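**Q**
Protein chains: 2
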Amino acid sequence: MRILGIDPGFGRVGFGIIEQASGNDWKAVAFGCIETSPKNKFVDRLLEVRNELVALIKKYRPARVAVEELFFFKNVKTAIEVGQARGVILLTAVESGLPVDEFTPLQVKQSMTGYGRAEKGQMQKIVATILGLKEKIKSDDAADALAVALTAAQCLWMSRLLEQKK
Amino acid sequence: MRILGIDPGFGRVGFGIIEQASGNDWKAVAFGCIETSPKNKFVDRLLEVRNELVALIKKYRPARVAVEELFFFKNVKTAIEVGQARGVILLTAVESGLPVDEFTPLQVKQSMTGYGRAEKGQMQKIVATILGLKEKIKSDDAADALAVALTAAQCLWMSRLLEQKK
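Going down the list, the protein sequences come from chains A and B. Just remember that the numbering used here sits 3 ahead of the position in the first sequence, which is counted from 1. Just remember that the numbering used here sits 3 ahead of the position in the second sequence, which is counted from 1.
1) Between the segment 43 to 56 of chain A and the segment 22 to 30 of chain A, are three or more C-beta pairs nearer than 8 Å?
2) Look at the alpha carbon of I83(B) and the alpha carbon of L73(A), and state the distance between them as a whole number of angstroms.
3) Is L50(B) close to chain A? Criterion is C-beta to C-beta, closer than 8 Å.
4) According to DSSP, simplified to helix, strand and coil, what is I20(B)?
5) Should V57(B) be labelled buried (16 or more other beta-carbon atoms within 10 Å of its own) or exposed?
6) Rounded to a whole number of angstroms, what is the C-alpha to C-alpha distance between G86(A) and P102(A)?
7) Quick one: does L93(B) have its CB under 8 Å from some CB of chain A?
8) Would you mind stating whether I37(A) and V68(A) have Cβ atoms separated by less than 8 Å?
9) Please list, in chain order, the residues of the segment 51 to 62 of chain A that have any C-beta partner in chain B closer than 7 Å.
10) Identify the residues that DSSP records as bridge partners of K30(B): which are they?
11) Would you list, in chain order, the members of the segment 75 to 89 of chain A that have their beta-carbon closer than 8 Å to a beta-carbon of chain B?
12) With the cut-off set at 8 Å, would you say T116(B) and I129(B) are in Cβ contact?
13) On a Cα-Cα basis, can you pick out the residue from G135(B), K80(B) and G124(B) that is closest to D147(B)?
14) For F18(A), does the count of other Cβ atoms within 10 angstroms reach 16, so buried, or fall short, so exposed?
15) How big is the Cα-Cα spacing for W160(B) and A31(A)?
16) Of all Cβ atoms in chain B, is any one closer than 8 Å to the Cβ of D104(A)?
17) With 8 Å as the threshold, decide whether the Cβ of S149(B) is near any Cβ in chain A.
18) Run down chain A in chain order and give the residues with a C-beta less than 8 Å from the C-beta of V46(B).
19) List the residues of chain A that L73(B) touches, going by C-beta distances under 8 Å, in chain order.
20) Just grab the DSSP bridge partners of V68(A) for me.
21) Would P41(A) pass as a contact of I92(A) if the rule is Cβ separation under 8 Å?
22) Where I20(A) and A155(A) are concerned, what is the direct C-alpha to C-alpha distance, given to the nearest angstrom?
23) Can you say whether E71(B) is buried or exposed, counting buried as having 16 or more other CB atoms within 10 angstroms of its CB?
24) Which class does G117(B) belong to by DSSP, given the choice of helix, strand or coil?
25) Starting from G135(A), follow its DSSP beta bridges and name the residues at the other end.
26) Can you tell me which of the three DSSP states G12(B) falls into?
27) Fully enclosed by the segment 39 to 96 of chain B, which beta strand (DSSP E) runs are 3 residues long or longer?
28) CA-CA distance, L59(B) and Q110(B)?
29) Could you have a look at I129(B) and say whether DSSP puts it in helix, strand or coil?
30) Tell whether a beta-carbon distance below 8 Å holds between I140(B) and F75(B).
Structure below.
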């Protein structure tokens with residue numbers, strides 16, 4: 004089973020696809036960052052995000068999608084802009100018939116580190132370690148997206164364990 | 004030529020389609036409000052908005068779409084939620100190949116009343132008068148959507164006048 008994790012945005016959208024290797028052991032299939040040009044009109048940037056995501060879903064065929072929730076913003080303008088991009092991301096997932104899980108940044112950090120205070124650099128190292136990646140994850144956004152996917156994976160795993168115990 | 008105006012939201016999305024009768028004289032073709040159920044999951048409400056809009060565009064075949072900008076919110080949470088719905092609305096318009104015009108609430112009010120301080124009730128009356136509607140427009144959201152469409156119509160008309168003068 005594959006999970007697509009997404010760190011939402013309109014200028015940079017992190018994505019990370021993980022695959023169940025065995026049990027609760029997951030490996031990275033692909034990760035990176037969709038970037039849209041600030042030279043383009045905002046609506047066209049939304050369309051770029053949409054088209055890139057549709058292509059990713061078609062190529063990697065994830066079974067579900069995990070999207071980070073928006074949390075903190077310096078101003079309402081940015082919140083609305085990123086919100087609009089996140090709407091496009093949610094729509095694309097749900098239109099593809101995929102179940103969508105949503106996690107707050109705190110939930111993701113707690114899931115990855117056991118406590119909610121990981122710095123960016125730490126998260127990238129932890130995610131790389133969990134996934135057994137030899138190379139450093141260069142993009143913050145890609146690392147966040149992989150972390151969201153791993154959080155969804157962990158939730159699934161835990162809920163299956165609980166079901167087995169019943 | 005037809006213009007589809009939209010007052011964005013996720014619980015209630017106002018829409019209004021106007022058609023050029025002659026010169027700068029416009030009539031209402033259809034207007035109303037897409038409502039989504041709070042019982043449904045947020046992502047499914049986004050999908051409902053999407054599907055209803057696609058159906059409206061297919062049925063009425065507007066030449067362009069005008070969407071009100073988001074402006075004031077009591078809290079960031081609401082801004083993000085409505086932002087997500089607006090992203091879906093913008094995407095649907097641009098994917099349909101339609102040019103998108105965006106106007107702030109102030110621009111719409113100024114366009115309708117000459118000054119930016121119209122109350123809700125006033126706007127509904129003015130919009131109904133401009134469009135020659137005999138019945139009252141019951142929905143605030145539909146009246147706002149018609150006002151946005153009329154603002155786009157006025158902008159088009161003014162820019163054509165300017166071009167002719169050149």
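Ideal Cβ positions, reconstructed from N, Cα and C, are used throughout, including at glycine. Predicted model, so just to flag it, every value in this text is computed and none were measured.
**A** Once the coordinates are examined:
1) no
2) To locate residue 83(B), count along the second sequence from 1; it is residue 80. To locate residue 73(A), count along the first sequence from 1; it is residue 70. Between I83(B) and L73(A), the C-alpha separation is close to 8 Å.
3) Within the second sequence, numbered from 1, the residue matching residue 50(B) stands at position 47. Yes - at least one Cβ of chain A is within 8 Å of the one on L50(B).
4) The residue labelled residue 20(B) in the question sits at position 17 within the second sequence. Looking at I20(B) - three-state DSSP - the assignment turns out to be strand.
5) Position 54 of the second sequence, counted from the first residue, corresponds to residue 57(B). Burial call: exposed.
6) Walking along the first sequence from the start, residue 86(A) turns up at place 83. Walking along the first sequence from the start, residue 102(A) turns up at place 99. Near 20 Å, if we compare the C-alpha coordinates of P102(A) and G86(A).
7) Position 90 of the second sequence, counted from the first residue, corresponds to residue 93(B). Chain A contact via Cβ: present.
8) Looking up residue 37(A) in the first sequence gives position 34. Looking up residue 68(A) in the first sequence gives position 65. It is not a contact, given that the beta carbons lie outside the stated cut-off.
9) R53
10) Locating residue 30(B) in the second sequence gives position 27, counting from the first residue. Answer is E22(B).
11) F76, V79, A82, I83, E84, V85, G86, Q87, A88 and R89
12) Position 113 of the second sequence holds residue 116(B). Position 126 of the second sequence holds residue 129(B). It is a contact, given that the beta carbons lie within the stated cut-off.
13) Start at 1 with the first residue of the second sequence, and residue 147(B) comes out as number 144. Looking at the Cα atoms, G124(B) is the closest of the given residues.
14) Position 15 of the first sequence, counted from the start, is the residue given in the question as residue 18(A). Buried.
15) Position 157 of the second sequence, counting from 1, holds the residue named residue 160(B). Position 28 of the first sequence, counting from 1, holds the residue named residue 31(A). Each residue's Cα considered, the two are about 55 Å apart.
16) On the first sequence, residue 104(A) is found 101 positions in, with the first residue counted as 1. Output row for D104(A): interface = no.
17) For the purposes of this step, residue 149(B) is taken as residue 146 along the second sequence, with counting starting at 1. Reading the sequence as shown, one finds Leu at residue 149(B) and not Ser. Taking Cβ atoms only, chain A never reaches closer than 8 Å to L149(B), which makes this a no.
18) Locating residue 46(B) in the second sequence gives position 43, counting from the first residue. Residues of chain A passing the Cβ test: L93, L94, A96, V97 and V103.
19) By one-based count along the second sequence, residue 73(B) stands at place 70. Per Cβ cutoff of 8 Å: I83.
20) Within the first sequence, numbered from 1, the residue matching residue 68(A) stands at position 65. Note: V68(A) sits in a beta bridge opposite L7(A) and V103(A).
21) Mapped onto the first sequence, residue 41(A) falls at position 38. Mapped onto the first sequence, residue 92(A) falls at position 89. Result no, Cβ atoms of P41(A) and I92(A) do not sit closer than 8 Å.
22) Locating residue 20(A) in the first sequence gives position 17, counting from the first residue. Locating residue 155(A) in the first sequence gives position 152, counting from the first residue. Roughly 12 Å separates the two Cα atoms.
23) Taking the second sequence and counting its residues from 1, one reaches residue 71(B) at position 68. It counts as buried.
24) Position 114 of the second sequence holds residue 117(B). Coil at G117(B), not helix or strand.
25) Counting from one through the first sequence, the residue named residue 135(A) turns up at place 132. G135(A) pairs with nothing; no bridge assigned.
26) Along the second sequence, read from residue 1 onward, the residue named residue 12(B) stands at position 9. Three-state result, G12(B): coil.
27) 67 to 71
28) Against the second sequence, residue 59(B) aligns to sequence position 56. Against the second sequence, residue 110(B) aligns to sequence position 107. For L59(B) and Q110(B), the distance between alpha carbons rounds to 25 Å.
29) As a first step, residue 129(B) must be located in the second sequence, where it is residue number 126. Helix, per DSSP.
30) Within the second sequence, residue 140(B) is the residue found at index 137, counting from 1. Within the second sequence, residue 75(B) is the residue found at index 72, counting from 1. No, these two residues do not count as a Cβ contact at 8 Å.
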